[in-house]
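What follows is a single structure, written as structure tokens, with notes after it.
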Amino acid sequence: MDVIAYLAPLFQLNVLCAIALGTLGGLIIGALPGLTATMGVALLIPLTFGMSPVMGLNMLIGIYIGGIYGGCVSSILLRTPGTPASAATVLDGYPMAQKGQAGKALGMATIASTIGGLFAALVLATLAPQLASVALEFGAPEYFALALFGLTIIASLSGDVLKGAISGLLGVLISCVGADPISGVLRYTFGVSGFASGFSFTPALIGLFALSEVFVQMERLSVKDQTIMTVSGRWPSRQDMIESWGALLRGSLIGTFIGIIPGTGSGTAAWISYNEARRSSKTPEKFGTGYMPGVAATESANNAVCAAALIPLLALGVPGDVVTAVLMGGLMIQGLAPGPMLFQTNPDVVVGIFGGTFIATFFMFVFGMALVPVFSRILMIPRHMLSILIVIFCFIGSFAINLNPVDLYTMVGFGVLGWGMQKFGFSQAALCIALILGPMAESNLRRGLLQTSDDVVAFASGPVTQFFLVLTVLSLAWPYIAKIRARRRAN
Amino acid sequence: MTKRTLLATALVAVSMTGPAFAGFPDRPIQIVIPYSAGGSTDLSMRLLAESFKRNVPGATMVVRNQPGGGGSIGTSATIHARPDGYTLGAGAQGPLALMPHLGGTDYQIQDVDYVGMMSRSLQLLVACKGAPFSTYDAFMTYAKKSEPQIGNSGAGGANHISAEAFAKAAGIKVKSVPFGGSSKARTACIGGHIDAMVASPAEALAQSQAGNMTPLFVMEDKRIDLFPDTPTAVEKGVNFTWSSWKGLIAPKGIPDKDMKILRDGFAKAVADKKFQEQMKEMGELTQYEDAVMLKARVQKDSEAAESVIRDLGMYGMNK
Numbered sequence: 355m356d357v358i359a360y361l362a363p364l365f366q367l368n369v370l371c372a373i374a375l376g377t378l379g380g381l382i383i384g385a386l387p388g389l390t391a392t393m394g395v396a397l398l399i400p401l402t403f404g405m406s407p408v409m410g411l412n413m414l415i416g417i418y419i420g421g422i423y424g425g426c427v428s429s430i431l432l433r434t435p436g437t438p439a440s441a442a443t444v445l446d447g448y449p450m451a452q453k454g455q456a457g458k459a460l461g462m463a464t465i466a467s468t469i470g471g472l473f474a475a476l477v478l479a480t481l482a483p484q485l486a487s488v489a490l491e492f493g494a495p496e497y498f499a500l501a502l503f504g505l506t507i508i509a510s511l512s513g514d515v516l517k518g519a520i521s522g523l524l525g526v527l528i529s530c531v532g533a534d535p536i537s538g539v540l541r542y543t544f545g546v547s548g549f550a551s552g553f554s555f556t557p558a559l560i561g562l563f564a565l566s567e568v569f570v571q572m573e574r575l576s577v578k579d580q581t582i583m584t585v586s587g588r589w590p591s592r593q594d595m596i597e598s599w600g601a602l603l604r605g606s607l608i609g610t611f612i613g614i615i616p617g618t619g620s621g622t623a624a625w626i627s628y629n630e631a632r633r634s635s636k637t638p639e640k641f642g643t644g645y646m647p648g649v650a651a652t653e654s655a656n657n658a659v660c661a662a663a664l665i666p667l668l669a670l671g672v673p674g675d676v677v678t679a680v681l682m683g684g685l686m687i688q689g690l691a692p693g694p695m696l697f698q699t700n701p702d703v704v705v706g707i708f709g710g711t712f713i714a715t716f717f718m719f720v721f722g723m724a725l726v727p728v729f730s731r732i733l734m735i736p737r738h739m740l741s742i743l744i745v746i747f748c749f750i751g752s753f754a755i756n757l758n759p760v761d762l763y764t765m766v767g768f769g770v771l772g773w774g775m776q777k778f779g780f781s782q783a784a785l786c787i788a789l790i791l792g793p794m795a796e797s798n799l800r801r802g803l804l805q806t807s808d809d810v811v812a813f814a815s816g817p818v819t820q821f822f823l824v825l826t827v828l829s830l831a832w833p834y835i836a837k838i839r840a841r842r843r844a845n
Numbered sequence: 128m129t130k131r132t133l134l135a136t137a138l139v140a141v142s143m144t145g146p147a148f149a150g151f152p153d154r155p156i157q158i159v160i161p162y163s164a165g166g167s168t169d170l171s172m173r174l175l176a177e178s179f180k181r182n183v184p185g186a187t188m189v190v191r192n193q194p195g196g197g198g199s200i201g202t203s204a205t206i207h208a209r210p211d212g213y214t215l216g217a218g219a220q221g222p223l224a225l226m227p228h229l230g231g232t233d234y235q236i237q238d239v240d241y242v243g244m245m246s247r248s249l250q251l252l253v254a255c256k257g258a259p260f261s262t263y264d265a266f267m268t269y270a271k272k273s274e275p276q277i278g279n280s281g282a283g284g285a286n287h288i289s290a291e292a293f294a295k296a297a298g299i300k301v302k303s304v305p306f307g308g309s310s311k312a313r314t315a316c317i318g319g320h321i322d323a324m325v326a327s328p329a330e331a332l333a334q335s336q337a338g339n340m341t342p343l344f345v346m347e348d349k350r351i352d353l354f355p356d357t358p359t360a361v362e363k364g365v366n367f368t369w370s371s372w373k374g375l376i377a378p379k380g381i382p383d384k385d386m387k388i389l390r391d392g393f394a395k396a397v398a399d400k401k402f403q404e405q406m407k408e409m410g411e412l413t414q415y416e417d418a419v420m421l422k423a424r425v426q427k428d429s430e431a432a433e434s435v436i437r438d439l440g441m442y443g444m445n446k
């Protein structure tokens with residue numbers, strides 16, 4: 355069998371070691387706020403110059419998978435998304451840690467990441483060429499409709515619809531800063547050249563969630579309630595697993611689908627999955643208070659994106675997200691041109707990557723579970739010292755990404771904004787979603803209208819576009835539909 | 128052995144050990160890359176840094192990514208760095224030759240000093256999947272009656288300007304569709320959402336073998352090896368060539384003797400065989416030009432771009 359011959363090189367000791375090392379390194383990089391999976395892969399590409407393609411690429415994939423998973427650690431423990439992919443994990447992960455269930459939250463995140471990762475890897479290995487064509491269906495109108503659908507999450511995520519809408523619109527407004535996506539004109543930069551590409555996303559996120567939380571904690575320091583935090587064991591109970599099962603499955607599916615569509619990424623997948631888990635739950639009010647399916651939904655989705663994003667890369671030569679775009683550079687350095695021909699010219703590499711994805715996911719599970727007790731002990735550090743550490747990490751992380759001092763002002767500014775929002779009951783999550791999806795909606799709406807010469811009917815004529823537009827309407831109307839159904843049932 | 132040679136030997140020995148006498152460079156040279164890690168500029172520069180280390184004894188080069196603003200932020204950081212020879216930058220066509228015309232940069236091309244050019248990126252115009260044309264002539268016929276949609280990696284970027292420059296030279300009208308980066312434009316092209324785009328030979332080769340792209344013409348004055356059957360615009364009677372390049376730039380005012388060490392070292396690093404092989408695998412065409420030639424090239428590109436940018440009404444729009 356060819357496949358077995360192609361898989362054999364994976365099980366050499368040095369290749370396994372490279373994958374394990376990459377996964378562990380990625381895990382740590384992901385857990386440190388400001389160091390993203392993208393950076394980890396990019397910085398280690400030169401190391402792979404001298405390796406065989408299968409070894410080098412799988413090490414990079416290990417970093418990718420480990421990095422996306424690692425982001426959940428600081429999200430759960432410190433309310434600091436380690437990578438943008440884990441921003442949504444903050445919503446339920448952090449409250450769980452506050453309730454003394456840090457170990458369980460991390461354990462569930464690890465299990466969810468593994469399930470999502472394995473599901474997508476399975477899809478990658480079996481259906482890559484067939485599914486890759488989905489990636490090509492998405493033109494500007496389709497992306498716009500998808501972004502619009504994603505934006506409806508804002509309405510259901512924030513209890514107070516008006517305040518949620520204000521937060522969301524503020525996010526869209528903030529995302530307008532920087533170069534206009536179509537004409538290139540600089541908007542709202544006030545002559546500061548550092549803002550030429552807008553507010554950097556990761557520093558904004560760190561400020562919005564982490565620094566703002568430090569401010570809130572500081573207010574509480576004066577009130578004397580210094581309880582030592584407890585951390586639970588790492589394995590979720592049977593009851594937890596039964597409750598989370600639906601969220602896991604849905605998250606894996608959504609993550610895989612979003613991963614295949616180029617240019618969307620794990621952040622979007624996590625938010626959509628969270629919202630779907632909440633919508634379909636029998637107890638939606640528990641979400642946001644430290645509810646395990648919330649963690650299961652986001653982490654299964656963002657790790658499913660990893661393997662799924664490899665589908666268009668390997669089958670079409672089209673990277674599914676930013677990290678896979680960097681991986682493409684790694685492939686090309688090995689003298690391999692990613693694209694439809696790769697399956698014919700280098701089946702050994704393709705099969706090797708399929709296998710490596712499984713192995714890296716396995717290592718991620720082992721390392722993750724082994725490190726949960728170590729990580730959760732971070733919470734034993736006294737509150738005031740932990741706060742100082744978080745502040746230091748906020749600054750280092752924000753600066754490390756682009757080495758742009760303007761990013762530090764961004765981080766602090768968003769920290770103050772986030773603190774104010776939290777204090778007056780505005781949803782930070784809504785702002786975060788708008789920062790991700792606002793630019794996607796704007797640029798694709800305008801690009802699409804440019805292509806159709808401002809013909810709105812032609813713009814909205816595609817079946818995929820219409821599908822998502824209908825979903826958008828349904829999603830907005832859902833609370834009313836649910837209410838009417840409940841009333842009928844009551845009668 | 129005379130006293131004089133002894134003295135000279137002693138002096139040399141002292142100058143080699145004492146830090147005060149150590150020659151340039153005695154610490155790592157930093158290269159600012161104005162793009163994110165992992166892109167083609169970043170990877171080429173990392174290869175160059177390794178080659179520099181191999182070829183200039185005692186020298187080390189480290190890269191630092193400072194992305195943003197289409198490359199203008201990192202380029203500005205290089206130009207305004209202390210001119211001690213320890214901060215250099217990756218020079219690219221967009222931020223140097225094009226962006227100053229749009230306004231919004233805090234530098235002009237006369238503020239830059241050059242170390243040399245290491246590679247040139249050839250470009251082709253390709254027809255996308257499902258486009259209503261697949262040859263140069265069919266493209267021109269189509270363009271005479273309706274505007275073909277040509278994707279680019281961003282408004283005011285290198286391949287936006289080159290597509291418009293061709294349209295101007297050929298006397299046709301095109302509709303430029305900007306995307307956020309070249310990989311998104313390529314995705315749209317393979318999916319048939321645009322008619323044509325500017326592509327590199329390496330990406331065009333893989334995709335044309337799969338039938339997703341069809342090369343229309345090469346933006347060189349002679350046909351190229353990878354595409355022997357694809358015509359140039361010049362042979363079709365349109366006076367148009369365009370290529371992008373990568374080089375090493377520096378802030379003005381580096382002491383002459385240090386600059387000479389850098390330029391000589393750079394020339395050696397580019398001539399390095401392993402470096403050239405690695406660049407070739409990435410689809411880059413290694414080509415060395417010294418500082419004077421590169422300066423002239425940037426000047427020429429800048430002038431060509433200025434007239435196109437003025438025609439598009441984008442001149443000074445970000446002032």
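Each protein sequence line maps, in turn, to chains A and B. Residue numbers for the first sequence follow the working numbering, so the first one is 355 and each next one is one higher. Residue numbers for the second sequence follow the working numbering, so the first one is 128 and each next one is one higher. We put the beta carbon where it would ideally sit given N, CA and C, even for glycine.
- At the C-beta level, A:S829 and A:T392 stay beyond 8 angstroms of one another.
- With fewer than 16 other CB atoms across the displayed protein chains lying within 10 angstroms of its CB, A:E573 is exposed.
- For B:P155, the CB contacts under 6 angstroms within the same chain, skipping 5 residues up- and downstream, are T187, V189 in chain order.
- Taking one beta carbon from each stretch, the region 258-275 of chain B and the region 221-234 of chain B have fewer than 3 pairs nearer than 8 angstroms; the two do not touch.
- Cβ-Cβ distances below 7 angstroms link B:T341 to V253, A254, S261, S335 in the same chain, with the five nearest sequence neighbours on each side left out; the list follows chain order.
- Considering only beta carbons, the part of the region 744-774 of chain A lying closer than 7 angstroms to chain B consists of N756, L757, N758, in chain order.
- Counting only unbroken stretches of 4 or more residues, the alpha helix (DSSP H) elements lying wholly within the region 516-565 of chain A are 555-559, in sequence order.
- Note that the C-beta distance between B:R181 and B:I158 is not below 8 angstroms.
- If you look at A:D356, you'll find it in the alpha helix (DSSP H) that goes 356-361.
- Of all alpha-carbon atoms in A:A396, A:G538, A:S752, A:D675, the one lying nearest the alpha-carbon of A:A662 is that of A:D675.
- Under the Cβ criterion of 8 angstroms, B:A294 is not counted among the residues facing chain A.
- Rounded to whole angstroms, A:V488 and A:A474 show a C-alpha spacing of 15 angstroms.
- By alpha-carbon distance to B:F393, the top candidate from B:D169, B:G166, B:E177 is B:E177.
- Among the residues facing chain B, A:P701 is not included, as its CB has no counterpart in that chain under 8 angstroms away.
- Note on the region 407-445 of chain B: whole alpha helix (DSSP H) runs with a minimum of 4 residues are 418-438, in chain order.
- The beta carbon of A:A439 is closer than 7 angstroms to those of I422, G425, S620, G621, A624, N656 in its chain, skipping five residues each way along the sequence.
- Interface flag for A:L397 against chain B is set, since a Cβ pair is found closer than 8 angstroms.
- Of the candidates A:T434, A:S406, A:T377, the residue whose Cα lies closest to the Cα of A:F747 is A:T434.
- Bounds of the alpha helix (DSSP H) holding A:W599 are 592-614.
- For B:N279, the pairing in a beta bridge is given by DSSP as B:P305.
- In this structure, DSSP gives B:S248 an extended state, which the three-state scheme calls strand.
- Nearest Cα to A:S591 within the set A:R800, A:M462, A:R604: A:M462.
- Apart from sequence neighbours up to five positions away, the residues of its chain that approach B:G319 with a beta-carbon distance below 7 angstroms are C255, K256, G257, ordered along the chain.
- As the crow flies, the alpha-carbon of A:L516 is around 13 angstroms from that of A:L785.
- Around A:I536, the same chain offers R800 as residues with beta carbons nearer than 6 angstroms, after the five sequence neighbours per side are excluded.
- The beta carbon of B:Y269 sits closer than 7 angstroms to those of P259, F260, P275, all from its chain and outside the five residues before and after it, given in chain order.
- Just so you know, the alpha carbons of A:R731 and A:V585 end up roughly 8 angstroms apart.
- For B:L332, the enclosing alpha helix (DSSP H) starts and ends at 328-336.
- Between the beta-carbon of A:T715 and that of A:G379 there is about 16 angstroms, and that puts the pair past the 8 angstroms contact cut.
- Each of B:L332, B:A217, B:K295, B:A164 was checked against the Cα of A:V395, and the nearest Cα belongs to B:A164.
- For B:S199, the nearest CB of chain A lies under 8 angstroms from its own CB, placing it at the interface with that chain.
- Per DSSP, reduced to three states, the secondary structure at A:I744 is helical.
- If you compare the alpha carbons of B:W372, B:K363, B:G231 with that of B:V425, the shortest gap goes to B:W372.
- According to the DSSP assignment, A:I687 belongs to the alpha helix (DSSP H) that extends over 676-687.
- Per the coordinates, the alpha-carbon of A:S551 lies some 24 angstroms from the alpha-carbon of B:L375.
- Here A:Q688 is buried: its Cβ has 16 or more other Cβ atoms, across all protein chains shown, within 10 Å.
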